[in-house]
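So the structure is just underneath, and the comments pick up after that.
There are 2 protein chains.
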Amino acid sequence: MNTKLKYFKKILNDRGIKPTYQRLKILEYLSKNMKNHPTVEMIHEELLKDIPIISLTTVYNTLNAFLEKGLVDGVTITGTETRYDLDASSHHHFLCKECGKIIDIEVPCAFAEGEKTVVRGNRIEEVHGYFKGICKECTDSFKNKTKKSNISRSKTGQPNR
Amino acid sequence: MNTKLKYFKKILNDRGIKPTYQRLKILEYLSKNMKNHPTVEMIHEELLKDIPIISLTTVYNTLNAFLEKGLVDGVTITGTETRYDLDASSHHHFLCKECGKIIDIEVPCAFAEGEKTVVRGNRIEEVHGYFKGICKECTDSFKNKTKKSNISRSKTGQPNR
DNA sequence: TACATAATTAAAATGAATACAAAATTGAAA
DNA sequence: TTTCAATTTTGTATTCATTTTAATTATGTA
Numbered sequence: 001m002n003t004k005l006k007y008f009k010k011i012l013n014d015r016g017i018k019p020t021y022q023r024l025k026i027l028e029y030l031s032k033n034m035k036n037h038p039t040v041e042m043i044h045e046e047l048l049k050d051i052p053i054i055s056l057t058t059v060y061n062t063l064n065a066f067l068e069k070g071l072v073d074g075v076t077i078t079g080t081e082t083r084y085d086l087d088a089s090s091h092h093h094f095l096c097k098e099c100g101k102i103i104d105i106e107v108p109c110a111f112a113e114g115e116k117t118v119v120r121g122n123r124i125e126e127v128h129g130y131f132k133g134i135c136k137e138c139t140d141s142f143k144n145k146t147k148k149s150n151i152s153r154s155k156t157g158q159p160n161r
Numbered sequence: 162m163n164t165k166l167k168y169f170k171k172i173l174n175d176r177g178i179k180p181t182y183q184r185l186k187i188l189e190y191l192s193k194n195m196k197n198h199p200t201v202e203m204i205h206e207e208l209l210k211d212i213p214i215i216s217l218t219t220v221y222n223t224l225n226a227f228l229e230k231g232l233v234d235g236v237t238i239t240g241t242e243t244r245y246d247l248d249a250s251s252h253h254h255f256l257c258k259e260c261g262k263i264i265d266i267e268v269p270c271a272f273a274e275g276e277k278t279v280v281r282g283n284r285i286e287e288v289h290g291y292f293k294g295i296c297k298e299c300t301d302s303f304k305n306k307t308k309k310s311n312i313s314r315s316k317t318g319q320p321n322r
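As you go down the protein sequences, you meet chains L and G in turn. So for the first sequence, the numbering used here puts the first residue at 1; every next one is plus one. So for the second sequence, the numbering used here puts the first residue at 162; every next one is plus one.
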């Protein structure tokens, strides 16, 4: 077993999760795709290359176990599916309406930083914040397109929502 | 037609939504349940009393139309269903893990207030913020229970998650 | 009233997530 | 190593929210 898997094994043991092969590979995938916020489908698809018989149910079970133990964060932004984030600390996300990617975004927030935990008697245990808009890359490439030609603007500039 | 429905008719017309009877009743329901953040099912269930043949699809269609025209806000917090809010302005929500209710919550936020719209080149168009925790009422009733008897605490104090 | 357009309806389809039961794997005890 | 109970994985079936589709009905205008 390679060094990294040994490291992941320790992480799971520390959280009280029995480290099976599929769980290790799922954890490995998540660590390799920290920025991607993958769906269950994406994780399953990719792992099938290594483990041709891994079932979708196992990926669901594993991610739910990881969630319960606070190893990952489940993010629902699109409304249709949960995206998973190995960084389980409170932080904000940004969904680009143009290219669909979800990225971490750092903003000042007293709640996410745990400085404030009660509002009018309501005890806050989880903080969820996200934005929707046009990411920097899409904004830039749109600018470039309109600079080159204005004819195609109405077509290419169409946001998909 | 009563005065209120006339008022709702104007609201729909102003947004470019043809005011049909079902749409008016859905809007009326939403205005009567501003604090409830109802699901599609809840709206449909209730409207069936007035309009026994109203279809679930119509409620879906109507809410989607309202969403597109910015008349309502669709809030996905539980992960399983969309809750609807007639107040479409950017504001935060709070889900109580104990009793399940979703309430509006007012917190200082430069993004929700529209003061800041760009972060590292990413253009923010929508701001979504919500919290999960224990609401004031559940916190208080828990305190009362433990004050009266400690025996039942482990049972009654169990949060459902 | 007639007509075209839009809305409503019911039924079927989709898609994410869960439930369930059987088979396989794990790890500890003998 | 063998045994065995507990846990995990697998595959299938099911649930539930939402969307799609196609037919019917309502709406507003000429």
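Idealized CB from N, CA, C, for every residue including glycine.
Asked: Using 8 Å for Cβ pairs, my map puts L24(L) next to L48(L). What's the rounded Cβ distance?; Found: With 8 Å as the limit, L24(L) and L48(L) do not qualify as a contact, their Cβ atoms being about 16 Å apart.
Asked: Using beta carbons (cut-off 8 Å, strictly below), is G177(G) in contact with chain L?; Found: no
Asked: Check the DSSP bridge columns for G245(G) and list the partner residues they point to.; Found: One detail in the question is off: residue 245(G) reads as Tyr in this sequence, not Gly. According to DSSP, Y245(G) bridges with G235(G).
Asked: Is the beta carbon of K277(G) closer than 8 Å to that of A271(G)?; Found: yes
Asked: Helix, strand or coil for E287(G)? Go by DSSP, reduced to three states.; Found: strand
Asked: Rounded to whole angstroms, what's the CA-CA distance from L27(L) to D104(L)? Just pull it up for me.; Found: 19 Å
Asked: Output the distance between the C-alpha atoms of T80(L) and E298(G), rounded to the nearest integer angstrom.; Found: 31 Å
Asked: Suppose you measure from the CA of V233(G) to the CA of S89(L); what does that come to, to the nearest Å?; Found: 31 Å
Asked: Name the residues in the segment 281-297 of chain G whose C-beta lies less than 8 Å from a C-beta of chain L; which are they?; Found: R281, G282, N283, R284, I285, E286, E287, V288, H289, G290, Y291, F292, K293, G294, I295, C296, K297
Asked: Helix, strand or coil: which one does DSSP assign to F218(G)?; Found: Note that residue 218(G) corresponds to Thr in the displayed sequence, not to Phe. Correct three-state label for T218(G): helix.
Asked: If we define contact as Cβ-Cβ less than 8 Å, is T20(L) a contact residue for chain G?; Found: no
Asked: Name, please, each residue of chain G whose Cβ falls closer than 9 Å to the Cβ of F142(L).; Found: In chain order: nothing, as chain G lies at least about 10 Å away.
Asked: Which of the three DSSP states, helix, strand or coil, is assigned to I178(G)?; Found: coil
Asked: Which runs of the beta strand (DSSP E) spanning at least 3 residues fall entirely within the segment 248-304 of chain G, listed in chain order?; Found: 253-257, 263-266, 283-295
Asked: Is there at least one Cβ from chain L nearer than 8 Å to I204(G)'s Cβ?; Found: no
Asked: According to the Cβ coordinates, are S302(G) and L247(G) closer than 8 Å?; Found: no
Asked: Return no unless some Cβ of chain L is closer than 8 Å to the Cβ of F169(G).; Found: no
Asked: Say whether chain G places a C-beta atom closer than 8 Å to the C-beta of T139(L).; Found: yes
Asked: Tell me which residues share the same chain as G290(G) and place their Cβ nearer than 7 Å to its Cβ, disregarding the 5 neighbours each side in the sequence.; Found: H253, C270, A273
Asked: Is the Cβ of T237(G) closer than 8 Å to any Cβ of chain L?; Found: yes
Asked: Is there a Cβ of chain L sitting closer than 8 Å to that of V268(G), yes or no?; Found: yes
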